[in-house]
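Undergrad:
2 protein chains.
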Amino acid sequence: MPKKMKNRRPADKKTRARRLSASDRKLQIIESAIGLFGKDGLKGTTTKALADAAGVSEGTIFKHFPTKEAVYMAAFEGRTGQDTRKFVLELEQLADKGQDEELIQRVVRAILFGYGRDRDLHRMLLYVRLGQSDQENQEFNNRLDQTGMPAFVSRYIAVRQQQGVFVSGPPAILAEMMLGLPIQLATRSKLFGIDLGVDDETLVELLARLCLNGLRKSS
Amino acid sequence: MPKKMKNRRPADKKTRARRLSASDRKLQIIESAIGLFGKDGLKGTTTKALADAAGVSEGTIFKHFPTKEAVYMAAFEGRTGQDTRKFVLELEQLADKGQDEELIQRVVRAILFGYGRDRDLHRMLLYVRLGQSDQENQEFNNRLDQTGMPAFVSRYIAVRQQQGVFVSGPPAILAEMMLGLPIQLATRSKLFGIDLGVDDETLVELLARLCLNGLRKSS
DNA sequence: ATTATCTATAGATCTATAGATAATGC
DNA sequence: ATTATCTATAGATCTATAGATAATGC
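Protein chains in written order, with the numbering used here: chain F, 1 to 219; chain P, 1001 to 1219.
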């Protein structure tokens, strides 16, 4: 390990951060914090690192948040399940028209690309999952299930079952599976950086096909 | 947060740990460390906690390992992919007899129960994944793929494809999916403690059915 | 004059080491 | 006599606070 540099050049004199309104600064701190928490987790991220990433002093961090945990919480709360609402509406329409293939492909693609785009956030969510108690995870899950994707997919599967198109089984569990499969692949590929050896669009097609094949009654 | 107890009773006088051979002590430290690393990760686990869990002093920890990271590494190396070898041999036989259903159920069951049994270890592996660079994750994965489940499942799928039973597509990716689905459900249910609302055996059946259905050509 | 920022530092850990103490096996 | 353990502590962080300094808007 490299010893800490003792004779730091006085050259990099601390330039005072541009003055922002309290609420803007909070948002900016949170935004840059997600990158750090996503990379190293709560315990692995120091308040010094948070300060540097935000371009302010440690004192400023604590002016806006009482503790490091508060930054963590704010980062995690602030970015949980935002704009799924509109997306679900689009999916409803495809569902009505019975376009299973197209619908599933969209869901899968959204997951895969979402994990790629918001890598830091999703890595942080994994850290949050690992850091929470089982009880907290359960509650967190109930909150996510309330609205959003899992509920929609569950309803969709139930309808297709009644129409005799999909296999039987508890819709909620089948939805877990239909979402879980792309999530797992996205986690490995996008969050852990494991090269699966195929490009994203091919992966989407393969995932969608496997899901749909699995859900459809084999005639 | 509770203030640190100042007046600790002299009652709980440190009882000197039973003397073990160096190699036994190392193993015992590793074993108890997995629980801590699995719960709180590398950064969230202090050397004091490692010492307490092993029932020795901090000095003793450092007598056996040069750094905390060394304990982490040893814990993670020591328990990676051990007895899959025999299990794979059993599976080979089922594969030869063309018993797809039975084979997939066994694989799924092994994953689900394995995650339940070795919860700490698998939680720790998740922490390791998150803490590693993409490059390190790739190397780690290549090492795991060399032997063991992924390679076997990949071969098995390739054979069934040639026999015209399974859908087309890169066997390695299809294997990722067939293993990834149960892994994702096991992660949520066993590692995060999310209640999926079905018992394990039902879950195994549902997972196996979806996998097999997904892989088989729909006639 | 109010609000945001920085500087300096206290106090609490946390990792790691050195040297003392106790147990084991020859 | 050798090996394992413990005690005490140094030095390095790390979190959080108090008070000084600078920018903004009235």
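Idealized CB from N, CA, C, for every residue including glycine. Every value quoted in this text rests on a predicted model; they were computed, and no experiment measured them.
Taking only beta-carbon atoms, is Tyr-1115 (chain P) less than 9 Å away from chain F?
TA: Taking Cβ atoms only, chain F never reaches closer than 9 Å to Tyr-1115 (chain P), which makes this a no.
Undergrad: Quick check on Phe-1166 (chain P): does DSSP put it in helix, strand or coil?
TA: strand
Undergrad: Would you mind sorting Leu-1212 (chain P) into buried or exposed? The rule is 16 or more other CB atoms within 10 Å of its CB.
TA: buried
Undergrad: If you count every other CB in all the chains shown that lies within 10 Å of the CB of Pro-1066 (chain P), and 16 or more means buried, which is it?
TA: exposed
Undergrad: Here's the rule: buried if 16 or more other CB atoms are within 10 angstroms of the residue's CB, otherwise exposed. What is Gly-164 (chain F)?
TA: The C-beta of Gly-164 (chain F) has fewer than 16 other C-beta atoms within 10 Å across all chains shown, which makes the residue exposed.
Undergrad: Return the CA-CA distance between Arg-1155 (chain P) and Glu-1077 (chain P), expressed in angstroms with no decimal places.
TA: Each residue's alpha carbon lies about 26 Å from the other.
Undergrad: Flag this pair as yes or no: are the beta carbons of Arg-1079 (chain P) and Ile-1034 (chain P) separated by less than 9 Å?
TA: In this structure, Ile-1034 (chain P) lies closer than 9 Å to Arg-1079 (chain P) by Cβ.
Undergrad: Could you tell me which chain F residues have their CB closer than 7 Å to the CB of Ala-1172 (chain P), listed as they occur along the chain?
TA: Gly-197
Undergrad: What does Arg-216 (chain F) pair with, by DSSP beta-bridge criteria?
TA: F:Phe-166
Undergrad: Could you tell me whether any Cβ in chain P is nearer than 9 Å to the Cβ of Arg-18 (chain F)?
TA: By this cut-off, Arg-18 (chain F) is not an interface position.
Undergrad: Examine chain F for any beta-carbon lying closer than 9 Å to the beta-carbon of Phe-1192 (chain P), and answer yes or no.
TA: yes
Undergrad: Curious, which full-length alpha helix (DSSP H) runs of at least 4 residues does the stretch 161-209 of chain F contain?
TA: For secondary structure counted as the alpha helix (DSSP H) over 4 or more consecutive residues, the stretch 161-209 of chain F holds these complete runs in sequence order: 171-186.
Undergrad: Run through chain F and tell me which residues come within less than 8 Å of Glu-1176 (chain P), C-beta to C-beta.
TA: Leu-185, Arg-188, Leu-196
Undergrad: Any beta carbon of chain F sitting closer than 9 Å to that of Gln-1105 (chain P)?
TA: no
Undergrad: Express the C-alpha separation of Glu-1176 (chain P) and Ile-214 (chain F) in angstroms, rounding to a whole number.
TA: Checking the sequence, you will find Gly at residue 214 (chain F) rather than Ile. When rounded, the distance between both Cα atoms is 15 Å.
Undergrad: Enumerate in chain order the residues of its own chain whose CB-to-CB distance from Leu-1203 (chain P) is below 8 Å, with the five nearest sequence positions on each side excluded.
TA: Leu-1112, Leu-1185, Ser-1189, Leu-1196
Undergrad: Taking only beta-carbon positions, decide if Gly-131 (chain F) is within less than 9 Å of chain P.
TA: The beta-carbon of Gly-131 (chain F) is placed less than 9 Å from the nearest beta-carbon of chain P.
Undergrad: DSSP three-state call for Phe-65 (chain F): helix, strand or coil?
TA: coil
Undergrad: By a C-beta neighbour count over all protein chains shown, 10 Å radius and 16 as the cutoff for buried, is Ser-23 (chain F) buried or exposed?
TA: exposed
Undergrad: Do you know offhand how far Phe-1192 (chain P)'s Cα is from Arg-129 (chain F)'s?
TA: 6 Å
Undergrad: Quick one: grab the DSSP three-state call for Gln-132 (chain F).
TA: coil
Undergrad: Between Leu-1050 (chain P) and Ile-1029 (chain P), which are expected to be in contact by the criterion C-beta below 8 Å, what is the C-beta distance as a whole number of angstroms?
TA: 7 Å
Undergrad: For Ser-1057 (chain P), which residues from the same chain have a beta carbon less than 7 Å from its beta carbon, with the 5 sequence-adjacent residues on both sides left out?
TA: Ala-1051
Undergrad: Taking a contact to mean a Cβ-Cβ separation below 9 Å, would you say Gly-55 (chain F) touches Ala-17 (chain F) in this structure?
TA: yes
Undergrad: Less than 8 Å between the CB atoms is what I'm expecting for Ala-1181 (chain P) and Leu-181 (chain F), so what's the real figure, rounded?
TA: At residue 1181 (chain P) the sequence reads Leu, which differs from the Ala that was named. Going by Cβ atoms, the distance from Leu-1181 (chain P) to Leu-181 (chain F) rounds to 5 Å, so yes, they are a contact pair.
Undergrad: Take Ala-74 (chain F) and list the residues in its own chain whose beta-carbon comes closer than 6 Å to its own, dropping the five residues that flank it on each side.
TA: Ile-30
Undergrad: Within the same chain, show all residues whose beta-carbon is closer than 6 Å to that of Leu-174 (chain F), passing over the 5 residues directly before and after it, in chain order.
TA: So the qualifying residues of the chain are Ile-157.
Undergrad: Kindly give me the distance between the Cβ atoms of Tyr-127 (chain F) and Phe-37 (chain F), rounded to whole angstroms, as I take these residues to be in contact under 8 Å.
TA: 7 Å
Undergrad: Do Val-88 (chain F) and Met-149 (chain F) count as a contact pair if the criterion is CB distance below 9 Å?
TA: Yes, the pair counts as a contact, with Cβ atoms nearer than the cut-off.
Undergrad: By Cβ distance, which residues of its chain are closer than 8 Å to Glu-69 (chain F), with the 5 residues on each side in sequence left out?
TA: Leu-42
Undergrad: So if I threshold CB-CB distances at 8 Å, which residues from the stretch 136-150 of chain F count as touching chain P?
TA: Within the stretch 136-150 of chain F, the qualifying residues are Asn-137, Gln-138, Asn-141.
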